[in-house]
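**Q** In the working numbering, the protein residues as written are 531 to 667.
For every residue, glycine included, the Cβ atom is placed at its ideal position computed from N, Cα and C.
Here the structure is a predicted model, which is why all the values come from computation and not from measurement.
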């Protein structure tokens with residue numbers, strides 16, 4: 531049982547931000563995709579770690595500029611229903627398309643595990659429905 535708990539959030543994939551030209555990994559930003567969360571670790575002397583739970587991800591987009599195409603890199607933008615990190619940008623990743631596909635796959639698996647649907651996070655945009663279900667009269 532203890533081994534199952536440890537493997538429940540195993541590392542799926544990792545990448546690091548590359549320097550703009552030549553795709554050299556001279557930056558101190560690392561991206562880790564676990565089975566339940568996406569972790570962004572930044573810094574050398576002072577390390578800051580941000581995480582986004584995968585079931586909270588609403589949208590994932592992928593883009594590649596001219597120089598990114600030349601050097602085989604791309605940028606992934608993750609929109610999540612999260613107060614501290616609503617938009618997470620993973621810039622200049624070497625295997626960006628594979629990383630994006632892995633995020634999509636594990637987001638879906640985590641939603642199934644949590645028994646959640648996409649509609650639970652969609653904002654209706656209607657101000658009257660904002661307090662629906664509240665006990666305040």
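Below 8 Å on the Cβ atoms is my contact criterion, and I expect residue 553 with residue 630 to pass it. Report the Cβ-Cβ distance as a whole number of Å.
**A** Within the chain shown, numbered from 1, the residue matching residue 553 stands at position 23. Within the chain shown, numbered from 1, the residue matching residue 630 stands at position 100. Not a contact, Cβ separation roughly 17 Å.
**Q** Is residue 628 close to chain B, meaning its C-beta is less than 8 Å from at least one C-beta of that chain?
**A** The structure shown contains no chain B; it holds only a single protein chain.
**Q** Our contact map puts residue 632 next to residue 563 with C-beta atoms below 8 Å; I'd like the distance itself, whole angstroms only.
**A** Position 102 of the chain shown, counted from the start, is the residue given in the question as residue 632. Position 33 of the chain shown, counted from the start, is the residue given in the question as residue 563. Their Cβ separation, rounded to whole angstroms, is 6 Å, which keeps residue 632 and residue 563 in contact under 8 Å.
**Q** In chain order, what residues of the same chain lie with their CB nearer than 6 Å to the CB of residue 612, ignoring the 5 residues before and after it?
**A** For this step, residue 612 is matched to residue 82 along the chain shown. Correct list, in chain order: 582, 586.
**Q** Excluding the 5 residues flanking residue 605 on each side, which residues of the same chain have their C-beta closer than 6 Å to its C-beta?
**A** Numbered from 1 along the chain shown, position 75 holds the residue referred to as residue 605. 593, 621, listed in sequence order.
**Q** Taking the alpha helix (DSSP H) that residue 554 falls in, what are its first and last residues?
**A** Residue numbering aside, residue 554 sits at position 24 when the chain shown is read from its first letter. Run containing residue 554: none; DSSP gives neither H nor E here.
**Q** On the three-state DSSP scale, how would you describe residue 586?
**A** Position 56 of the chain shown, counted from the first residue, corresponds to residue 586. Here residue 586 sits in helix by DSSP.
**Q** For residue 617 versus residue 568, is the C-beta distance shorter than 8 Å?
**A** Position 87 of the chain shown, counting from 1, holds the residue named residue 617. Position 38 of the chain shown, counting from 1, holds the residue named residue 568. Cβ distance not < 8 Å, so residue 617 and residue 568 don't count as in contact.
**Q** Look at the alpha carbon of residue 642 and the alpha carbon of residue 636, and state the distance between them as a whole number of angstroms.
**A** Position 112 of the chain shown, counted from the start, is the residue given in the question as residue 642. Position 106 of the chain shown, counted from the start, is the residue given in the question as residue 636. So the two alpha carbons sit approximately 10 Å from each other.
**Q** Alpha carbon to alpha carbon, what distance is there between residue 588 and residue 534?
**A** Residue numbering aside, residue 534 sits at position 4 when the chain shown is read from its first letter. Residue numbering aside, residue 588 sits at position 58 when the chain shown is read from its first letter. Note that residue 534 has pLDDT 42, beneath the 50 cutoff, so the model's placement of it is unreliable and the number below is only indicative. Cα-Cα distance, rounded: 28 Å.
**Q** Once you ignore the five residues that flank residue 543 on each side, which residues in its own chain have a CB closer than 7 Å to its CB?
**A** Sequence index remark: in the chain shown, residue 543 carries index 13 (1-based). If we look at residue 543 and ignore the five residues flanking it on each side, its Cβ neighbours are 563, 629, 632.
**Q** Please identify the residue among 573, 640, 561 whose C-alpha is closest to the C-alpha of residue 626.
**A** Within the chain shown, residue 626 is the residue found at index 96, counting from 1. Answer by Cα proximity: 561.
**Q** If contacts are defined as beta-carbon pairs under 8 Å, then residue 548 and residue 603 qualify, I think. What distance do you get, rounded to the angstrom?
**A** Counted from its first residue, the chain shown places residue 548 at position 18. Counted from its first residue, the chain shown places residue 603 at position 73. About 6 Å separates the two Cβ atoms, so the contact holds.
**Q** Helix, strand or coil for residue 599? Go by DSSP, reduced to three states.
**A** Taking the first residue of the chain shown as position 1, residue 599 is located at position 69. Correct three-state label for residue 599: helix.
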